[in-house]
Amino acid sequence: MSPSLDLPPKGGFSFDLCRRNAMLESKGLKAPTFLKTGTTIVGLVFQDGVILGADTRATEGPIVADKNCEKIHYMAPNIYCCGAGTAADTEAVTDMVSSQLQLHRYHTGRESRVVTALTLLKKHLFNYQGHVSAALVLGGVDITGPHLHTIYPHGSTDTLPFATMGSGSLAAMSVFESKYKENLSRDEGIQIVVEAICAGIFNDLGSGSNVDVCVITKGNKDYLRNHLLPNPRTYVNPKGFEFPKKTEVLLTKITPLKEKVEVIEGDAMEDLCISGVSKSKFYYYNSESVNCSRREKKRISTLQTRTRFEVCEHMKILSRAQVLKFRFALKCGKIDPLSCKFSSSFSNGSSSESYGKAKVDSFMDDTSHSQDDALKSEAMRKTVHDVCRVLDTGPWGPALEDALNTFDDMPQPELVVGVVRRLKHVKVALQYFRWVETKTERPHCPEVYNALLMLMARTRNLDYLEQILEEMGQAGFGPSNNTCIELVSSFIKSRKLREAFGVIETMRKFKFRPAYSAYTTLIGALSAAHEADLMLTLLHQMQEIGYEVSVHLFTTLIRAFARDGRIDAALSLLDEMKSNSFNADIVLYNVCIDCFGKVGKLDMAWKFFHEMKSQGLIPDDVTYTSMIGVLCKAERLDEAVELFEELDRNRSVPCVYAYNTMIMGYGSVGKFDKAYSLLERQKRKGCIPSVIAYNCILTCLGRKGKVEEAFRVFEEMKIDAAPNLATYNILVDMLCKAGDHEAALKVRDSMKEAGLFPNIMTVHIMIDRLLVYTSLIRNFCKCGRKEDGHKMKEDGHKIYKEMMHRGCFPDLMLLNNYMDCVFKAGEIEKGRALFEEIKARGLTPDVRSYSILIHGLVKAGFSRETYKLFYEMKEQGLHLDTRAYNIVIDGFCKSGKVNKAYQLLEEMKAKGLQPTVVTYGSVIDGLAKIDRLDEAYMLFEEAKSKGVDLNVVVYSSLVDGFGKVGRIDEAYLILEELMQKDLTPNTYTWNCLLDALVKAEEIDESLVCFQNMKNLKCPPNEVTYSIMINGLCKVRKFNKAFVFWQEMQKQGLKPNTITYTTMISGLARVGNVLEAKDLFERFKSSGGIPDSACYNAMIEGLSNANKAMDAYTLFEETRLKGCRIYSKTCVVLLDALHKVDCLEQAAIVGAVLREMAKSQHATRLS
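For the sequence shown, full-length UniProt numbering begins at 1 and goes up steadily by one.
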């Protein structure tokens, strides 16, 4: 042997790994064993439902115990569950919950909901804390839509659009993360599930064999058993296989069997009949034969024994499913193996000796009929598929009708129902519906109508709803409860609550009774949307129909009215509830305390608190916490502390919610020492403060601007609680408000290090994640630093794109905020595109979306689009709030539709909304701009009488309006009233007054106002100086105007085009041609574009200063620029050219002058 073999080989990859491992084992190292849990289970949500998948290999340690194990378990007709872990545990848990769901369906008569199964499973697993080794992927479709959940062995759950579990989950997840997208089709979903399972099979030692797939949709499920065999065994031994030699018989001994008689009665008899394995003779008797003679007993038992064996002989050929069905027949009394008598419903007069065989033969016939039914169902399914394929080929016409005629001369209702359920377009379904009606010459059955209504619900198309409901009413039947619920729920899911309300109104119009669940579901959705009036309408409808209204519904409505500040309506509902003899429960009292307290009705909250005690109800943790929160909000901390101490004394374990509320109360008033002491007190009582408690303190510190202290608390909290996404969101928002955007970005990056970067796809994390991005985008786009404005804007866009790249799709709140930021940054077209993106993502723009769009367009000068967008809001049934009214009124005023704005103001007051200073200011400004000053002043007085605090903007609008029409005295009175209100006129106010004085040629008065303006420390701007220079030049005080020009230059103000033109014209007219020419050249070099007046003034000035050729050069430049040349300018230039004998140039100027004269003459004649 070579000496090199005694040396240990090098580490890392090498072809002598086997030799290395052998050497290590010889030195005592034990090689690690493979760890296999042996499962890959997956699930995903697609556009019509849920798809589950699993492999079929079951292992026992390193041994493959079963190659075709079923891991997708039945829970309910609409719910299935994949199991990983111990096979016995998964079977036991799913069977137990499945039976509980079945009992629940029997009791309620309703379809099982996925959340019910989820609750039962997680509760059971939580109780055993992992000792029941079952990891589950639960999927199903119920009335609320498709759902997919994962349940871990300790009872924790996740709700995800796709999920994987088991030892092959990592490989499967890689497939999902790379290929999953929203709104997958059925075929695409199955393909991704199969690829995910195959990834587990080929990359995990414990997963293997075949792929099972289960597709669950509304009202249907397809269990694709052994859908794919990715790794089949194809090798066959060419020599075949021979079994070893059998054991030889060495000794034969005959042992005679003694007859054994055993008496069996009751259910044990039935179990014995089912088993069919006994070869002994048995004698039985029932309770009716106890008093018979021994001979009679023997005859009866002989007959029963013979009957029993006949039954068993027939049962030998039954399948397992048939045996179970037969056993059910025995239990129900349809076959009686004990009494030799048929039950009343099955008696046919046969002899008692042959009845057993006859009954089993009858049962076999039933079984064969079931098999025939299965074949018929499969044939019907194929026909439905073929018909749908024909309907999808093209528009309706004779060719399509001929193709349909090839299937069935008289389409049966089952076929029509199946086709309507499969179609995706209401119009196509209705055409087929009418064609069948015409062909069969008979009306459709209720099932067909309900299927058509379900399609309308699925596609959210109500164009033909009234027509179909009217036909159903004439036929004498109505929509089923499930159909009604589905119609309402489909619009609720898409947030079209008005349409959902319209569905119920349409059903009532045709005298149908909407389902109870449809009412309650819509009331709950309207509560979240703050539509209290519609909720009350629905409640009264339920009472009219005769439905029993519960305390829970009253509680929901009272919460909605109280939350919106409509106290009278809430109290009225409370009185109505008491008059109907409803007993208020603790939930209602808690809601009243919380809602009335939050709107500032503290006395009423106390009243409810004491009233519930007098009613014998004991306040719970929610009651105390709500009351403490109300008191803290009202800054009545002494009472809050007293109530908190009362609660804490009666508890051995601290109430975490009360502690958090009290901490928030102390922080809101700046008593952070008290808040910190509560944290320490909580620790002393053995309860570690939660992340919510620390988030409360951080929120309050952020409001007070204590950024450094907040970060100190942030570092300390890591000892007790791990920061969550809300914590980071608070810090980001705090830093952005402080203007420290770079630090905000660093905090966002630290989220990645903490493992909280947006890549865990759960609903709650997504919401928090969106809030983080919203805060960053809002604050970046609001940055006012001009030098960094572009960079910040680009950073905002970068964050939005990064969010999209990470798969974090925005919701309506984020898109609204981002659109607002984009408009404020001046990107109008991008703002328009974002509004369209809201619709493209399947979201419905709300009032805020339209308000942001209208406001952005009005600011950018597109105010004329207000009218179209306003009526688009009306068509969608959106209710405008005060902010929306203000924006729309402002848009109408700026687009010249002042009358429409005035109507909206009156409509706003009629709806009970109080106009604000913005509302009055917009209308007053609009009226003042079109010289309707008397109406503007009346509105001005109305606003003051209603106690509206008018600001400088409103006063400035009136000063401007009165000044433009020459009513200087009224303008002065408005300005005087403004200053008496302790308001300071701004630059715009003074400019309006100065402009009015200059137009009235009150130059001396304007100079006095200009000086007063400077005395009040209101700095003049470019417009101010332009007004003064123009006025001085107008009265030919050019030297004084030049002084203002020089003062303007010293102030560092950049003159505008009007100022340059005015100054150049003035200098040229007084003969300061050199200064005017120098100013003219500077104006052009700075990028300014002189107008016709400026060119004409310069030409005249140069001509008068005996600079004829310079004037002619400027004349040619003016012609090339396309600017208009005045006749007087041509005459002055022509005279100057003649004086210096420039006859050729003079001829050109003369020709231009003649051409101008002809043009003016032709204009007069026309």
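Yeah, the Cβ is synthetic: ideal placement off N, Cα and C, and Gly gets one too.
query: Whole-Å CB distance - S1105 paired with V1073, under 8 Å assumed; result: The residue asked about is misnamed: residue 1105 is Ala in this sequence, not Ser. Their Cβ separation, rounded to whole angstroms, is 4 Å, which keeps A1105 and V1073 in contact under 8 Å.
query: Residue from T459, A1093, L453 whose Cα sits closest to the Cα of E470; result: L453
query: Exposure of D402, with buried meaning 16 or more beta-carbon neighbours within 10 Å; result: exposed
query: Cutoff 8 Å; reference G524; Cβ partners in own chain excluding five residues on either side; result: T556
query: Which residues DSSP lists as bridging M165, in chain order; result: I41
query: The beta strand (DSSP E) enclosing A58, as first and last residue numbers; result: 58-60
query: Separation of K868 from E875, as counted between CA atoms; result: 11 Å
query: I852: first and last residue of the uninterrupted beta strand (DSSP E) it sits in; result: Segment 847-859 is the alpha helix (DSSP H) holding I852; no beta strand (DSSP E) there.
query: Inter-residue spacing [alpha-carbon to alpha-carbon] between C198 and L184; result: 19 Å
query: Contact under 9 Å by Cβ, M1028 with F1044; result: yes
query: Cα-Cα separation, G702 to A710; result: 7 Å
query: Buried versus exposed, by CB contacts within 10 Å (16 or more), T866; result: buried
query: Separation of V691 from P723, as counted between CA atoms; result: 6 Å
query: Nonlocal neighbours in the same chain, by C-beta distance under 8 Å from D621, ignoring five residues either side; result: L647, C655, Y657, A658
query: T984 and C1018 closer than 9 Å at C-beta; result: yes
query: Reduced DSSP secondary structure (H/G/I, E/B, other) of H149; result: strand
query: Spatial distance of Y464 from Q914 (CA atoms); result: 41 Å
query: Environment of F940 [buried if 16+ CB atoms lie within 10 Å]; result: buried
query: Three-pair Cβ contact test at 8 Å for the segment 485-497 versus the segment 513-531; result: yes
query: Contiguous beta strand (DSSP E) assignments of at least 3 residues, all confined to the UniProt repeat "PPR" (1021-1055); result: none
query: Spatial neighbours of G1066 in its chain, beta-carbon cut-off 7 Å, leaving aside the 5 residues before and after; result: C1033, F1038, A1041
query: Pairwise C-alpha distance: L574 and E70; result: 55 Å
query: Pairwise C-alpha distance: K704 and A675; result: 14 Å
query: Boundaries of the beta strand (DSSP E) in which N226 is found, first to last residue; result: 220-228
query: Nearest-angstrom Cβ-Cβ length linking V213 and I51, presumed shorter than 8 Å; result: 7 Å
query: Distance between F962 and S956 (C-alpha atoms, nearest Å); result: 10 Å
query: Bounding residues of the alpha helix (DSSP H) (the contiguous stretch that carries L136); result: Per DSSP, L136 belongs to no alpha helix (DSSP H); it is in the beta strand (DSSP E), 134-142.
query: Three-state class that DSSP yields for G665 in the structure shown; result: helix
query: Sequence-distant residues of the same chain with beta carbon closer than 6 Å to S1085, five excluded per side; result: none
query: Cβ neighbours of L857 in the same chain (closer than 6 Å, five flanking residues each side left out); result: E865
query: Length at least 4, wholly inside the segment 440-526: the alpha helix (DSSP H) runs in chain order; result: 446-459, 465-475, 481-493, 497-509
query: Those residues which DSSP pairs with Y80 across a bridge; result: Y74, G139
query: Bridge partner(s) assigned by DSSP for C992; result: The partner list for C992 (beta bridge, DSSP) is empty, contrary to what the question assumes.
query: Close Cβ partners of L423 (< 7 Å) along its chain, the five nearest in sequence each way excluded; result: C388, L391, A429, L455
query: Secondary structure of G1150, DSSP reduced to three states; result: helix
query: Sub-9 Å separation of V551 and L539 beta-carbons; result: no
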